[in-house]
Amino acid sequence: MGLFGRKKDVWTVLFYDGEVPGFVSDIPCDIVIEDNTLIFEQKKTKTKIILPLSRVIGLEILSQKDFMEKYKGNSSKQSGPKRTYYVFNYINKDNERLKMVFWLWNVDKYVMKMIGLRKQLLKVCENQTYEL
Numbered sequence: 002m003g004l005f006g007r008k009k010d011v012w013t014v015l016f017y018d019g020e021v022p023g024f025v026s027d028i029p030c031d032i033v034i035e036d037n038t039l040i041f042e043q044k045k046t047k048t049k050i051i052l053p054l055s056r057v058i059g060l061e062i063l064s065q066k067d068f069m070e071k072y073k074g075n076s077s078k079q080s081g082p083k084r085t086y087y088v089f090n091y092i093n094k095d096n097e098r099l100k101m102v103f104w105l106w107n108v109d110k111y112v113m114k115m116i117g118l119r120k121q122l123l124k125v126c127e128n129q130t131y132e133l
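Residue numbers (my numbering): 2 to 133.
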């Protein structure tokens, strides 16, 4: 943040799954929106991914049960604290639709912060045209 600049919003989540070379599961990852890009950075692994917002399709926010049913084909049997999953859908450089999945414990303040990120992404994504 500069002397008079606005503080950047940072969302910290845990990486779960996706075609992301160098990312390790269950390691914190910071997400920042900067210059029309989403930047995903795992400081512990020194890995950074830069994804142009123009290639982001959307962000799904799913309960643990819904995520397991939709993406793993079964219902979660885990007892104890539940997770919320955040599925970033995007188009890669080869024009393939892929996803990156992150999670956090199901705590209202975390979910609300990620809903704020989804709203910011929707503002950018709402005016895109796709050829099918």
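For every residue, glycine included, the Cβ atom is placed at its ideal position computed from N, Cα and C.
Around Glu-97, the same chain offers no residue with a beta carbon nearer than 6 Å, after the five sequence neighbours per side are excluded. In the three-state scheme derived from DSSP, where H, G and I count as helix and E and B as strand, Gly-59 is classed as strand.
The beta-bridge partner set that DSSP reports for Glu-42 consists of Asp-31, Lys-49. The residues Thr-85, Leu-105, in chain order, have a CB closer than 8 Å to that of Tyr-111 in the same chain once the five nearest residues on each side in sequence are set aside.
For the segment 70-101, the continuous beta strand (DSSP E) assignments of 3+ residues that do not extend past its boundaries occur at 84-92, in sequence order. The continuous stretches of alpha helix (DSSP H) do not include Phe-16, which lies in the beta strand (DSSP E) extending over residues 11-19.
In this structure, the alpha-carbon of Lys-71 lies about 14 Å from that of Phe-89.
A direct Cα-Cα distance of roughly 9 Å separates Pro-22 from Ile-50. Residues Val-25, Ile-28, Pro-29 of the same chain have their beta carbon placed closer than 8 Å to that of Lys-45, with the five preceding and five following residues left out of the count. Residue environment: Met-113 is assigned as exposed (fewer than 16 neighbouring CB atoms within 10 Å of its CB, all protein chains considered). A direct Cα-Cα distance of roughly 35 Å separates Pro-82 from Asn-37. Nearest in C-alpha terms to Tyr-91, of all of Lys-124, Leu-123, Leu-52, is Leu-52. In the three-state DSSP reduction, Phe-24 falls in the coil class, being neither helix nor strand.
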